[in-house]
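Below: the structure, in structure tokens.
There are 2 protein chains.
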Amino acid sequence: MSNRRSSRASRREGQARCAGAAGAAVAPAYVKRRIPFYAFLEEEGLVRLEAQADWLLQEIGIEFREDPEALETWRRAGADVKGTRVRAPAELVRQLCSTAPPEFDQIARNPSRSVRIGGRNQVFAAVYGPPFVRDLEGGRRYGAIADFERLVKLTYMLPGIHHGGFVVCEPCDVPVSKRHLDMLYLHMRCSDKPHLGAITEQSRAEDSVSMARILHGPEVFDRNCVILGNVNTNSPLLVDKVVTEAIRVYCGNGQGIIVSPFILAGAMGPVSTAGSIAQALAEAMICCAYSQLVRPGAPFIFGNFLSSMSLKSGAPTFGMPEPVISHYVIGQLARRLKLPLRCGGSLTAAKTADAQAAYESADSMQSTALAGANFVLQSAGWLEGGLCTGFEKLVMDADRLAAYQVLLAGLPLDDDALARDAYGEVEPAGHFLGSAHTLRHYQSAFHEPALSDSENVESWEERGSQDMQQRAFERWNQLLRDYEAPPIDPAVDEALKDFIARRKSELPDAWY
Amino acid sequence: MSNRRSSRASRREGQARCAGAAGAAVAPAYVKRRIPFYAFLEEEGLVRLEAQADWLLQEIGIEFREDPEALETWRRAGADVKGTRVRAPAELVRQLCSTAPPEFDQIARNPSRSVRIGGRNQVFAAVYGPPFVRDLEGGRRYGAIADFERLVKLTYMLPGIHHGGFVVCEPCDVPVSKRHLDMLYLHMRCSDKPHLGAITEQSRAEDSVSMARILHGPEVFDRNCVILGNVNTNSPLLVDKVVTEAIRVYCGNGQGIIVSPFILAGAMGPVSTAGSIAQALAEAMICCAYSQLVRPGAPFIFGNFLSSMSLKSGAPTFGMPEPVISHYVIGQLARRLKLPLRCGGSLTAAKTADAQAAYESADSMQSTALAGANFVLQSAGWLEGGLCTGFEKLVMDADRLAAYQVLLAGLPLDDDALARDAYGEVEPAGHFLGSAHTLRHYQSAFHEPALSDSENVESWEERGSQDMQQRAFERWNQLLRDYEAPPIDPAVDEALKDFIARRKSELPDAWY
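First to last, the sequence lines map onto chains C and X.
Counting along the first sequence from 1, when you hit position 409 you're at 526 in this note's numbering, and nothing is skipped either side.
Counting along the second sequence from 1, when you hit position 52 you're at 169 in this note's numbering, and nothing is skipped either side.
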């Protein structure tokens, strides 16, 4: 035991150094927002949406299926439970939600990369869930474990990304029953940024929590949130056992959970944005309340994922004005509940990292950032409505994430920013290029994007007339060439490998 | 005289019909904003910026060069004029600014396309100024009058664009001394949306005003703003005679003027965003004050154009977070002055309509729209930092402009939007696809973009795996095939042609 403690101590020293190691992203671990929130709706509108959510909770009710334990918990808490339908007084639900922390830390294995989630803090995490990947050279294909590894390395390298997320792509060449183990190991070994765990089955959630306990050591694990699960409700108004079991495993172990109603308005919710926002509010509130019944004070992230649809085909659309509106409104509603919010991301329906992908992602992500989302899954790499992770898209989005962080930092207005002294040097009709004020600030005055080409057309043509996608291809390949793994305590690494070997030997290969 | 009046009367009838004519854009003439403004800075910060602008006006002063008449006007108004330096009490400048209308109408020759500028109204105008054009087939080349004509037709066809602007590209194959006449005629004949006039020389401004008087008839002209000029100050703190003459011609004739400080921070203003915003405020205020000295009550648009720069090369950058911040702040400052604001646009340094162009344009334009800009020049078509008009970029940006208009319209929260009745029909875990509420709203629930492809990858591949730029190429070509000129009174058309023929015979061919 003393042996383990000292090895963790030396590991921590290694981590402190590694923040500056070659190849690692050196950047703030998360955003401390300094600009005000935008009040898109006035009080009256917010109250209307809340009243609708309360009505759904009390009158329509929420289905809790396949999980008698959850129903029993609700019964004991004082809800009206008929069959699998739970109708809970809105006051009870709100009271339960009030025990969830307004903000909390997720500890990373490198302490300098720990993130604070909630309040005025904003954390940008990578794409989550796509079965396919695409890059300029390899085209579109099923994701493989080799892709997964490269994507984790890139999320580690890219300074605009704070958090690795989890399923950066599905590693489809590994049996479903075992892939969570390999995915967890790659996040833990190839990156030192925080990440999420598995939720698809209770045992996989338990494996995630067990591996996090090994990685961080039991003392750190027991006193902190070091891992979270991310689950979706089954909208409309259905919470299945994947959700309740994940809540029990993560929150029951003192860890955190993100629950997001995923609503394609017109299918899983009403075809109106207001109706779908209210439904999402009700669904997220009941899940937060359940998490607090499992363990009062458990870290809970209030999730929201609302999409519009094409009126021509019924296909989901992204980056459209209705979800942009929903970001601002759900931001206001989450703050009234004093809960950390997950919403938005760099979302698009585009198949490649073309102009459509960029317009849609920018409109989606700028509003996500301005709306005050505290945890942004899907902030980089998403294509095809979430079916595909783009390697070029990942580095392109990450470049823009860095720009949004400058926006969120606000406008310095001190005397030096007002530059009165410069006007003593520069006459009207002169220029500021050589002024002392300019020379003093030249190096740091503006955000310097990695992938935007601002040169004249002649220089751009001389360098091969590359569009942004081609430059992004070069950048991610260069990042991988420069990659160096962050240090890890060999004893911890060994313990993780032992755990994985044991679990793999216990589990059958299964592809579903 | 009675003859002219009746011909104008019949023309008006023609215009009323033409709003629905084949090929014409059928859409609201401008945006009536229903969402709140975003208070990016608090009172204290705004006061600091205003104090700095006042200090610049009073202590540093503004140069008015090459124009003794303007200096004499300032002297008579009570300013301290030494040589060409004008120092004016901030109180005097603010008092003069207060006589400019907070909002005003610009009458279009088709009354259904007249726009209201200022207050909660927002007008999106096309790209202005590029000497080059680019399209997928023809590549990059100097703009020609044939390009200019096609671009005017497209601005007329595209429903996201409210206003034609003026120099949609430079028609470089027409002598500089005469091209303003051809450009004006094409705007007047090929479109019935409002547009701007020439400013590069006093006589060209006068020609613009004369042609507008012919187009609208003297009664409409004398009682309304039917045309505006758009000029830039010569930052830092220099107002040359191009500006003062344009103000005298346009405002002296009861028409409007836009004056925009164009500041590349670090060159024409301090390298800090705050410093450059304050300088821009001072420059725009003094020009507004001058316009009101020329004619109290003249329509004035408070312009702003602030760019950051690449720290590597000094090249201007666009779509970066610093100008995004400036949009929000200048919006607040303009509203405190109760002046209509021009700022922002779909700006980018990209050479083609690739992902860089889209990311930068979206970030620039979404913030422009949210910031409450009342008149947005450069809202569609801009490439290469304004050196090039892109045909594909024009239709792509216009598609996004339509989306921002949905955002600005806000969130309906009436009973129907909350869809309580749908929950009587749809059980938890059901779906809303066939519900009466969905069927009632299916056709109009969501913004339907023209150029975003939301289909699955298989359908997209079947249609040739086209990226957005390729789809945009097809769209603008199809729009031009569908184009029908809006009707015009033949007598007015004849009068315009006569005027142009006479002026061309008076003017030498000059290429500068």
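Beta carbons: idealized from backbone N, C-alpha and C, even for Gly.
Beta carbon of isoleucine 316 of chain C nearer than 7 Å to that of valine 285 of chain C: Taking 7 Å as the Cβ cut-off, isoleucine 316 of chain C and valine 285 of chain C do not qualify as a contacting pair.
Beta bridge counterpart(s) of methionine 426 of chain C as assigned by DSSP: Under DSSP, methionine 426 of chain C forms a beta bridge with C:Pro433.
Reference proline 218 of chain C; option with closest CA among C:Gln396, C:Gly414, C:Gly178: Closest by C-alpha distance to proline 218 of chain C, out of C:Gln396, C:Gly414, C:Gly178, is C:Gly414.
Outcome for alanine 627 of chain X when other beta-carbon atoms lying within 10 angstroms are tallied against a minimum of 16: Exposed, by the Cβ-count rule.
Separation of valine 343 of chain X from alanine 487 of chain X, as counted between CA atoms: Reading off the sequence, residue 487 of chain X comes out as leucine, not alanine. Cα to Cα, leucine 487 of chain X sits roughly 27 Å from valine 343 of chain X.
Near-chain D residues of the region 168 to 194 of chain C (beta-carbon distance less than 8 Å), N- to C-terminal order: Absent from the structure is chain D; the protein chains it does hold are C and X.
DSSP state of aspartate 252 of chain X mapped onto helix, strand, coil: Under the three-state reduction of DSSP output, aspartate 252 of chain X falls in the strand class.
Where histidine 554 of chain X meets chain C, residues with beta-carbon distance less than 9 Å: Within 9 Å Cβ-Cβ: Pro387, Val388, Ser389, Gly392.
Alpha helix (DSSP H) runs contained entirely in the region 193 to 221 of chain C, provided each spans 4 or more residues: You should have 207 to 214.
DSSP three-state assignment for glutamine 239 of chain X, whether helix, strand or coil: Looking at glutamine 239 of chain X - three-state DSSP - the assignment turns out to be strand.
Collapsed DSSP secondary structure at glutamate 180 of chain C in the structure displayed: Of the three classes helix, strand and coil, the one that applies to glutamate 180 of chain C here is strand, per DSSP.
Inside the region 240 to 321 of chain X only - beta strand (DSSP E) runs reaching at least 3 residues: Segments of the beta strand (DSSP E) lying fully in the region 240 to 321 of chain X: 249 to 252, 256 to 259.
Pairwise C-alpha distance: arginine 452 of chain C and lysine 101 of chain X: Here chain X has residues from 118 to 629 only, and residue 101 of chain X is not among them.
Per-residue DSSP class, three states only, for asparagine 421 of chain X: Coil at asparagine 421 of chain X, not helix or strand.
CB-CB length for tyrosine 407 of chain C against glycine 436 of chain C, believed under 8 Å: That belief does not hold up - the Cβ atoms of tyrosine 407 of chain C and glycine 436 of chain C are roughly 32 Å apart, past 8 Å.
Proximity test, Cβ basis, 7 Å: alanine 432 of chain X and chain C: Taking CB atoms only, alanine 432 of chain X has a neighbour in chain C less than 7 Å away.
Phenylalanine 181 of chain C beta carbon less than 7 Å from that of valine 210 of chain C: With contacts defined as CB atoms closer than 7 Å, valine 210 of chain C and phenylalanine 181 of chain C fail to qualify as a contacting pair.
Chain X contacts made by the region 272 to 287 of chain C, where a contact means CB separation under 8 Å: Answer set for the region 272 to 287 of chain C: empty.
Heavy atom of the ligand SAM within 6 Å of glycine 383 of chain C beta-carbon: Among the components modelled here there is no ligand, and therefore nothing to report on the ligand SAM.
Beta-carbon contacts of tyrosine 629 of chain C that lie in its chain and below 7 Å, excluding the five residues immediately before and after: If we look at tyrosine 629 of chain C and ignore the five residues flanking it on each side, its Cβ neighbours are Val293.
Assigned exposure category for alanine 263 of chain X - 16 Cβ within 10 Å defines buried: Exposed: under 16 other Cβ atoms inside 10 Å.
Chain-ordered chain C contacts of tyrosine 147 of chain X [CB-CB under 9 Å]: Those within 9 Å of tyrosine 147 of chain X in chain C number zero; the least Cβ separation is about 17 Å.
Any C-beta of chain C under 7 Å from that of phenylalanine 508 of chain X: Chain C, which has no Cβ nearer than 7 Å to the Cβ of phenylalanine 508 of chain X, makes this no.
Own chain, CB closer than 8 Å to serine 622 of chain C, minus 5 neighbours either side, in chain order: Nothing meets the Cβ criterion.
Proximity test, Cβ basis, 7 Å: serine 377 of chain C and chain X: Using a Cβ-Cβ cut-off of 7 Å, serine 377 of chain C does not count as an interface residue toward chain X, since no Cβ of chain X sits closer than that to its own.
Under 9 Å from the C-beta of phenylalanine 563 of chain X: neighbouring residues of chain C: Chain C residues near phenylalanine 563 of chain X: Ala382, Gly383, Val388, Thr390, Ser425, Met426, Ser427, Leu428, Thr434, Met437, Pro438, Glu439.
Spatial neighbours of isoleucine 355 of chain C in its chain, beta-carbon cut-off 7 Å, leaving aside the 5 residues before and after: The amino acid occupying residue 355 of chain C in the given sequence is leucine; isoleucine does not appear at that position. Within the same chain, leucine 355 of chain C has close Cβ partners Glu180, Arg182.
Cβ pair cysteine 674 of chain X, cysteine 214 of chain X closer than 7 Å: Only positions 118 to 629 of chain X appear in this structure, which leaves residue 674 of chain X out of reach.
Chain X residues whose Cβ lies nearer than 8 Å to that of tryptophan 577 of chain C: Listed along the chain, the chain X residues whose CB falls inside 8 Å of the CB of tryptophan 577 of chain C are Lys468.
Below-7 Å beta-carbon distance, aspartate 584 of chain X vs any chain C residue: When Cβ-Cβ separations below 7 Å define contact, aspartate 584 of chain X makes contact with chain C.
Rounded separation between aspartate 516 of chain X and serine 327 of chain C - CA only: CA-CA distance, aspartate 516 of chain X to serine 327 of chain C, rounds to 50 Å.
Extent of the continuous beta strand (DSSP E) run through proline 335 of chain C: Proline 335 of chain C -> not in any beta strand (DSSP E); alpha helix (DSSP H) instead, spanning 335 to 340.
Rounded separation between arginine 165 of chain C and leucine 530 of chain X - CA only: It is roughly 8 Å from the alpha-carbon of arginine 165 of chain C to the alpha-carbon of leucine 530 of chain X.
Beta strand (DSSP E) segment containing cysteine 505 of chain X, residue limits: Element bounds for cysteine 505 of chain X: 505 to 507.
Interface flag, aspartate 197 of chain X vs chain C, CB-CB below 7 Å: Taking 7 Å as the CB threshold, aspartate 197 of chain X stays off the interface with chain C.
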